[in-house]
Amino acid sequence: MSSQISSCPPTQHSSSEAEKTELIRHTTNFHPSIWGDRFITYTCDNMKLESYNQQVEELKEEVRSILRNSANKPLEMLSLIDAVQRLGLGYHFEREINKMLEQIFDAHIVYFNDMDDNLNAVALLFRLLRQHGYNIPCDVFKKFKDEDGKLRESLARDIQGMLSLYEAAYLGKRGEEVLDEALAFTTAHLKSTVATDTTSPTLVKQVKHALEQPLHRGIPKIEARHYISFYEEDKSRNQVLLKLAKLDFNRTQLLYLNELSQVSRWWKNIDFTSKTPYARDRLAECYFWSAGALPEPQYSLGRKTLAKIVAINTILDDTYDAYGTFEELQLLTDAIRRWDANETDKLPEYMKVIYVTLLDIYNEIEEEMRKEGRCFCVSYAKEAMKDLIEAYQIEATWLKEGHIPTFEEFSKLGLITSTYIMMTNVIFACMGEMATKEVFDWLSKTPDAVKSSCIIGRFSDDIMTNEFEQERGHVCSAIECYMKQYGVSREEANNELRKIVTKAWKVLNEECITPTAAPMPLLIPVVNLARLIEVVYKHGDAFTNVTTGLKTHIKLLLIDPITI
């Protein structure tokens, strides 16, 4: 991929003096969509879907019975709950699982005492309770320390226990040093296990995957797909549970494909590929983002709407980042600020389709909200989008003036340019009655949960894309701001930003401990947005360069069914 400067004819709004010159635009040779018409031509197999639905409903009753029968066998119950959730089936059994964990929490001291030195059981129980918002203390791990206050080296022989402790450590809050120590301890020993152990191939495969992608920071549906493969090799697997997981994954995949097909036709009909050729054509990747944020089947409207929002924002991002002239960007910003279709004619030709489509998407949201009697959501969502565009304009001003702001100034704006506040408003609007006006008022103040997700999104992006974006004449990133303000090297700035991201994860974990400021179902997508950036940008900008890891994730989620 190369960065270029291209000459373009002046736009229609130019002055007569400007018409005598050519506009200089920064462009980048983004690769085209790698999917062709694959998703546009998809036709849902309704007979197969109906068969899956029928089998899933039958097997769900069997699993409910299995859960009930485990109630008096604590270790079996914990393993079963964990398997149900990791196989991607938790949303079917929320009531049963919540009731079981509530009973365990009420007597957690007894449970932990009964587990003695069973590291796997203690870590598993701790993780399950934390995942469900219970404020279980990390002191439960102190009994695994030696007289010097360090985790006992003998624990390293228990590979399953070490893996459980490793996964539990990612649920840590600020100040929980025992979990920080546990993460460093388990990471070092598990890496050694991968290099030397030949006796437990299935377990070692799980360890390798966990080291690459910790469960808590993974995209739930992708992690479920991987865990189904691991569970199938587990000699103690429950065949009913395994079959249900496969059927449920495949039927959800059919649902996703049908939604993506609809959104793909919308995209093709507008013809952004030819009307904005300078921008990234990433419709399938945008849908992947929406499915990662809202994986449960009932949120079909949310996935389709968010996919459109992410897609149009990708074009807006590329327009503000490089292609648009400063004067053109100011016109677009003013038009979006006024939010009036009559502003369209004031825009350059290539911007008109962007502006009209943006307004149309929010009109669609308003129409859906009117059906639900929740039109109040729309004004919040529009204001969040306006705030984002104003932030893009500020960045364009910084770039034009060659200004490098303070790290604090950049960070404040970065909460908005992460796009996660804008996305969260859209997500909440599509999640039904639980997203009340009070919830939107809470969201409008950028509470710590949302702020943390934004920090993770903004800084993870900057860490992994900084050098490429500077090559194409991009506005300064958090890296440059930190380097200038503190007089440090790029590597040192990167390390400091990683520490900030780690702290943000801990704050996000804290905000998911009950009592929560917003209903837990609303907080889960906020966490999922942080997970998405963690996964997609793990080894670089896979959203822009889709031939890397994101292609594999999309194939797993949307293309390759599981053999049943």
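Residues 48 to 611, numbered by the numbering used here, are exactly what the sequence shown covers, in order.
Ideal Cβ placement from N, Cα and C applies to all residues, glycine included.
Since the model is a prediction, treat every value here as computed from it, not as a measurement.
Grouping DSSP H, G and I as helix and E and B as strand, with all else coil, what is Q517? Residue confidence is low: Q517 scores 49 on pLDDT, short of 50, so the model does not pin down where it sits. Its coordinate-derived value is still stated next. Note: Q517 maps to helix in three-state DSSP.
| request: Please confirm whether S499 and A551 have their CB atoms less than 8 Å apart. | output: yes
Item to complete: Look up I317 in the DSSP assignment and say whether it is helix, strand or coil.
Response: helix
### Query
Do you know offhand how far A476's Cα is from V425's?
7 Å
Item to check | C-alpha gap between A438 and I463, whole angstroms | outcome: 7 Å
query = alpha helix (DSSP H) containing N119: first to last residue?
reply = Careful: N119 lies outside any alpha helix (DSSP H) and carries neither H nor E.
Next item on the list: Measuring alpha carbon to alpha carbon, tell me which of V548, R264, F140, L175 ends up nearest H155.
Entry: L175
Using 10 angstroms around the beta-carbon of E636, count the other beta-carbons present and answer buried if the total reaches 16, otherwise exposed. This structure cannot settle anything about residue 636, because the visible part of the chain is limited to 48 through 611.
Beta-bridge partners of L460, as assigned by DSSP
Per DSSP, none; premise fails for L460.
Contact check, E270 vs L262 under 8 Å by CB: the rounded distance? 6 Å
- Taking buried to mean at least 16 other C-beta atoms within 10 Å of its own C-beta, is A496 buried or exposed? Burial call: buried.
Checklist line | Whole-Å CB distance - L134 paired with A292, under 8 Å assumed | finding: 4 Å
Anticipated Cβ contact below 8 Å, K355 with W386, distance rounded: Not confirmed; about 17 Å, so no contact.
With a Cβ-Cβ cutoff of 8 Å, do D281 and T240 count as a contact?
no
Check your understanding: If you run the structure through DSSP and keep just helix, strand and coil, what is I611?
Key -> coil
Checklist entry - Mind checking whether L301 and L96 have CB atoms under 8 Å apart? => result yes
What would DSSP say about H78, mapped onto helix, strand or coil? In the structure shown, H78 adopts coil according to DSSP, grouped into three states.
Let's test the definition: count the other Cβ atoms within 10 Å of the Cβ of E214 and tell me whether it reaches 16, buried, or not, exposed. buried
Check your understanding: Pick from N592, L114, H600, S337: whose alpha carbon is nearest that of R350?
Key -> The residue with the shortest Cα to Cα distance from R350 is S337.
Rounded separation between P121 and S112 - CA only: Their Cα atoms are separated by approximately 16 Å.
Comparing C-alpha positions only, which one of V225, Q207, N410 sits nearest to V251? Q207
Span separating the alpha-carbon of K255 from that of D205:
Taking the straight line joining both Cα atoms gives about 16 Å.
_Range covered by the alpha helix (DSSP H) that runs through Q178_ = 166-178
_What would DSSP say about H600, mapped onto helix, strand or coil?_
helix
Quiz prompt | Residues of its chain near A428, where Cβ-Cβ distance is below 6 Å and the 5 sequence neighbours each way are ignored | solution = N472, V473, A476
Unbroken alpha helix (DSSP H) run spanning Q440, endpoints: 423-448
Would K433 pass as a contact of R384 if the rule is Cβ separation under 8 Å?
-> yes
**Request:** Answer yes or no: do I81 and K602 have a C-beta to C-beta separation smaller than 8 Å?
**Result:** no
| Beta-carbon proximity list for F232, same chain, < 7 Å, skipping 5 on both sides | L198
- request: Would you identify the three-state DSSP class for I206, choosing helix, strand or coil?
  value: helix
### Message
I want to know whether the segment 396-412 touches the segment 444-461 - three or more CB-CB distances under 8 Å.
### Response
At 8 Å Cβ cutoff, the stretches do not touch.
With 16 other CB atoms within 10 Å as the buried threshold, where does V522 fall? buried
Quick test of your reading: S458 and A525, contact by CB under 8 Å. State the CB separation rounded to the nearest angstrom. 7 Å
* Indicate whether the contact test is met: 3 or more Cβ pairs, each with one atom in the segment 480-493 and one in the segment 529-546, closer than 8 Å. => no
- Environment of P342 [buried if 16+ CB atoms lie within 10 Å]: buried
Just curious, the alpha helix (DSSP H) that C333 is in, first and last residue? 330-340
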